[in-house]
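Some notes on the structure that comes next.
In the UniProt record's numbering, the protein residues as written are 1 to 391.
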C-alpha cells in the first residue's frame with residue numbers, strides 16, 4: 001500500500017512539473033500584433049537625388065499605419081509618424097524638399113489622421129582625450145564632428161533593413177554607420193544587446209569602425225536630438241530588472257519618452273540598454289558601459305527631413321557617452337557599436353523567458369514536492385505501524 005502511494009505521488013509530481021512548463025509556454029506564446037511592412041526608396045523619384053536618400057517604410061495594421069522615414073540629407077534622421085488610417089500615404093515635393101528650407105515639402109496625408117510623430121536626429125559625434133582615465137568629458141574635447149557635414153553613401157537596402165555609412169575627411173578609412181531594421185512582429189535580434197522589439201518599433205544600430213582617433217586615449221560621445229510636435233521626447237526613465245538573460249551583466253534599460261496629454265494617450269519612445277560593444281561580434285568581454293545626460297532644449301540640427309515635415313518643432317538633445325574610468329579606450333579595437341529602438345506606444349517590457357520560469361518553478365517546486373512526499377511517507381508508515389490485526 002505504501003509503495004503504491006509513493007508511485008502515485010511521484011506521478012503527481014511529474015504531472016505538476018509538466019503543467020508548470022506548459023503554463024509558462026502558453027503564457028509567452030500568445031498572439032501579438034503584426035503589421036504588413038513595405039519599403040520604398042526615394043518615393044516618386046526614378047533615381048537617387050544628389051543630396052542624399054530618403055527611405056519610406058509603411059507598416060500597415062488593421063486600423064492604423066506607422067510611417068518610418070529615414071533620410072541622409074543633412075544630419076541622419078529617422079522620423080516616425082503614427083496615423084489612425086490604414087490608407088494614409090506620404091507625398092514629397094522633391095524640388096522643395098531638396099532645398100531643405102521649406103516646411104510642408106514632405107507630408108503624411110490625410111493630415112487629420114496623424115496621431116503622433118517623433119524624430120531622432122544623429123547630430124554630432126564628440127571626441128575627447130581622456131588623459132587621466134576619468135571618463136570625464138568636461139575638458140580636452142576636440143572640435144566636434146558635425147554629422148550634417150559628413151559624406152554619406154547611398155542607402156543599401158536588404159529586405160527590411162537599410163544601411164547608411166558616412167565619414168568625415170579626417171576619418172581616413174574609417175566610417176560611422178547606421179543600420180535601420182523594421183519589424184512585422186515581436187521578436188529579438190540575434191546579437192547582443194538583443195532588445196525586445198515589437199511591430200510598433202524600429203531598431204537603429206550605430207557603429208564606429210576603423211576611425212582614426214585624434215589621441216591614443218580617445219573616448220567618444222554621441223549627441224542625439226529628439227524632435228517632435230505637441231509631445232516631444234522630453235524625459236529619460238531608467239528601469240531596473242533582476243534578469244540579465246538577454247543582455248548579460250546589464251540590469252537596466254533607459255527610455256527617452258514623451259508625455260501624453262488629455263487629447264491623446266499615444267506615446268513614443270527611444271529605448272536602449274546602457275551598454276556598447278568594442279567588437280563587431282558582441283561578447284561579454286568586449287562590453288563597455290555607456291551613460292546619458294539629461295535631455296535639454298536645443299536648436300534642431302540641419303536635417304532635410306525635419307525641415308520638410310515640421311513647421312515649428314520642439315527639440316530636446318542629450319549625449320550618450322561610451323566607456324567609464326578604467327575601461328579600454330577606443331584605440332584598443334577601433335570599433336564601437338550601440339543599439340537603440342524608436343517606437344510608438346508604450347515601450348516593450350522585458351520578462352522572464354519560458355525556460356527561466358520553468359527552471360525557477362522546478363527549483364522552487366521540487367523541495368516542496370519532496371517535503372510533501374516525505375510527510376506522506378511518514379504518515380503511511382505510522383498508520384502501518386499502528387495497525388494491529390484482530391486475530
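C-beta atoms are modelled at their ideal positions from N, C-alpha and C, and glycine is treated no differently.
None of the values given here were measured: they were computed from a predicted structure.
Taken through DSSP and simplified to helix, strand or coil, residue 332 comes out as helix. The alpha carbon of residue 161 has as its nearest neighbour, out of 369, 280, 332, 55, the alpha carbon of 55. The DSSP-derived three-state label of residue 375 is helix. For residue 221, the enclosing beta strand (DSSP E) has its first and last residue at 218 to 228. Sequence-distant partners of residue 51 (beyond 5 residues in either direction) whose C-beta falls short of 6 Å from its own C-beta, in its chain, are 73, 98. Here DSSP, grouped into helix, strand and coil, assigns residue 367 to helix.
The shortest CA-to-CA distance from residue 210 to any of 370, 332, 64 is the one to 332. Taking C-alpha positions only, residue 134 is separated from residue 329 by approximately 11 Å. Bounds of any beta strand (DSSP E) do not take in residue 192, whose DSSP letter is neither H nor E. Inclusion of residue 126 and residue 141 in the CB contact set at 9 Å is warranted, their separation being smaller than that value. A direct Cα-to-Cα measurement between residue 294 and residue 95 gives close to 38 Å. Here the alpha carbons of residue 78 and residue 313 stand approximately 15 Å from one another. Judged by DSSP in its simplified three-state form, residue 205 adopts strand. DSSP lists 225, 296 as the beta-bridge partner residues of residue 317. The beta carbons of residue 278 and residue 288 sit about 6 Å from each other, so the pair counts as a contact at 8 Å.
Of the candidates 202, 76, 92, the residue whose Cα lies closest to the Cα of residue 309 is 92. Straight-line measurement puts the Cα of residue 368 at about 58 Å from the Cα of residue 175.
When beta bridges are read from the DSSP output, residue 277 appears opposite 287, 337. Residue state for residue 312 is assigned as coil, using DSSP reduced to three classes. Secondary structure of residue 133 (DSSP, three-state): coil. The beta carbon of residue 81 sits closer than 7 Å to the beta carbons of 67, 108, 114, 117 from its chain, once the five residues preceding and following it are set aside; these are given in chain order. By alpha-carbon distance to residue 159, the top candidate from 179, 143, 165 is 179.
Contact between residue 64 and residue 84 holds: CB atoms are separated by about 5 Å, below the 8 Å threshold. Bounds of the alpha helix (DSSP H) holding residue 95 are 94 to 99. The continuous stretches of beta strand (DSSP E) do not include residue 214, and DSSP gives it neither H nor E. Pairing residue 335 with residue 238, the inter-Cα distance amounts to about 26 Å.
When secondary structure is reduced to three states using DSSP, residue 307 falls in the helix class.
Between residue 290 and residue 256 a beta carbon distance of about 14 Å is seen, past the 8 Å cut, so the two are scored as non-contacting. As a beta-bridge residue in DSSP terms, residue 122 pairs with 224. Per DSSP, the beta bridge partners of residue 235 are 257. A check of alpha carbon separations from residue 123 across 40, 33, 227 identifies 227 as the nearest. Within a 10 Å sphere around the beta-carbon of residue 87 sit fewer than 16 other beta-carbons, which makes this residue exposed. With a cutoff of 9 Å on beta-carbon distance, residue 33 and residue 201 are scored as not near each other. One thing to note: residue 271 has its Cβ within 9 Å of the Cβ of residue 347. Going by DSSP, residue 40 is part of the beta strand (DSSP E) stretching over 36 to 41. Put simply, the backbone Cα of residue 378 is about 12 Å away from that of residue 370.
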